[in-house]
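Take 68 as the starting number for the sequence shown in our numbering and just add one per residue.
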Amino acid sequence: MAAPAKKEEGFHDCRDAWASTLEELAAGDSRIVAVVNDSVGSSKLGGFQKAFPERLVNVGIAEQNMVGVGAGLANGGKIPFVSAASCFLTARALEQIKADIAYARFNVKLVGQSSGVAYGELGPTHHSIEDFAWLRPLDAITVVVPSDAWETAEAVRWAAAYDGPVYLRLSRMPVPDLDVRNRIFRPGKAELVRDGSDVTLIGCGTTVHLARQAAEKLRYEGVSARVLNMATLNPLDEEALAAAANETGAIVTVEEANIRGGLGGAVAEYTAGHRPVPVERVGFPGFVVTGSVDFLFEHYGITPDGIAAAARRAIVRKR
């Protein structure tokens, strides 16, 4: 089963957690402001606008200008959260993100909403599957991809307190809580969701719970699968990758993004240079067809069955 396009019992929209947490933080810190591109509704910032009307700047459909406004506010001592659909935020304003945010190292929090293929039926113009490849090489920007509502709220709190540029990637697709014990959000550190010794499944964002379901399927086949939640793509947790390579000898990455330049690319880069092991990448190979979220996840094998099949291939390759 793919990630659900409609909200189901026990599933939560991470945008709700982001918006409520931002309002909570803004109530205690007058420096926090929101900048949007005519996306108050889809960014879930209606409550923020009502509570702090003078601290929400709506620039209209002008993403390059929006990022510039965010940089100016940061230069003036504010903590701007610049929110827009990630396909437009990262594509249209990439030059401004590179020069005005990353190179200048301004304290701007970029919040990409409705990432991946959340706008499935609207096609490639609205899919945001290249954003990792564009932003991950900008070393000044911490790239965070929360897996559930709890991690989203913690990431927003961390971003507000952190002095530096951040890209927070959120989806509009409801996801279940990971329900991992004693959770602590640590940027740059992978979260062990499930331990295992035969293969490591590494997910981020909307795919982590699918990797966990795949591990359960593999368990019935006698395969012990480790599951990691790689919520931070930049910086990457190289220590966790080294352990995965040394202790399991095979890795599968799964992401709602292009496998070139994304999580799969990052893991392949590290293992090739430090500890070569078989790496199978589950995700999108390039531009994807148009269709519902469920259809796209199924079509490209971003499912528990597809992940389990990739794990079997990786295990065979290590032998």
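Ideal placement from N, C-alpha and C gives every residue a C-beta, glycine not left out.
Candidates the options, of which the one nearest residue i by Cα
i    : options                : result
F78  : A129, P191, W217       : W217
T157 : G108, L205, F115       : L205
N132 : R82, L92, A160, G143   : A160
D265 : E162, A378, P371, V210 : A378
L330 : F173, V124, E305, R342 : E305
F354 : R327, D105, G143       : R327
L24  : F155, G113, A138, A185 : The question about residue 24 has no answer, for the chain in this structure spans 68 to 386.
F119 : D96, I196, V294, P243  : D96
V107 : G143, A152, E91        : A152
D246 : R342, N296, L92        : N296
L268 : S291, R253, D230       : S291
Boundaries of the beta strand (DSSP E) in which residue i is found, first to last residue
i    : result
G270 : 266-270
E306 : Taken as a continuous stretch (DSSP letters only), E306 belongs to no beta strand (DSSP E), being part of the alpha helix (DSSP H) at 305-315.
T320 : 318-325
S291 : That residue, S291, is in no beta strand (DSSP E); it is neither H nor E in DSSP.
F281 : First, the residue type needs correcting, since residue 281 is Ala and not Phe in the sequence shown. Careful: A281 lies outside any beta strand (DSSP E), inside the alpha helix (DSSP H) at 275-286.
P147 : 146-152
Where residue i falls: helix, strand or coil (DSSP)
i    : result
S97  : coil
A346 : The identity of residue 346 in the sequence shown is Val, whereas the question assumes Ala. Here V346 sits in strand by DSSP.
P254 : coil
F78  : strand
L300 : strand
A69  : Here the model assigns A69 a pLDDT of 39, short of 50, so the residue's position is not dependable and the matter cannot be decided.
V103 : strand
F354 : coil
L92  : helix
L112 : coil
Exposed unless 16 or more other CB atoms sit within 10 angstroms - verdict on residue i
i    : result
T320 : buried
H194 : buried
Y234 : buried
H276 : buried
A281 : buried
I251 : exposed
A72  : Below a pLDDT of 50, predicted positions are generally treated as unreliable, and A72, at 42, falls in that range; no measurement from the model is reported.
I128 : exposed
K74  : A caution first: K74 carries a pLDDT of 48, below 50, which makes its placement in the model too unreliable to give a value.
V383 : exposed
V212 : buried
P243 : buried
V356 : exposed
T192 : exposed
P352 : exposed
Residue i CB to nearest heavy atom of the ligand NAD below 7 Å
i    : result
G144 : Inclusion of the ligand NAD in the displayed structure is not the case, the ligand content being empty and no account of it being possible.
Continuous alpha helix (DSSP H) stretch holding residue i: start and end
i    : result
V334 : 330-341
N125 : Run containing N125: none in the alpha helix (DSSP H); it sits in the beta strand (DSSP E), 123-125.
K385 : 371-385
V247 : First-last for V247: undefined, no H or E at that position.
F362 : 360-366
A129 : Element bounds for A129: n/a, residue is neither H nor E.
Exercise. What are the complete alpha helix (DSSP H) segments, minimum 4 residues, inside the region 170-240?
Worked result: 198-202, 216-228
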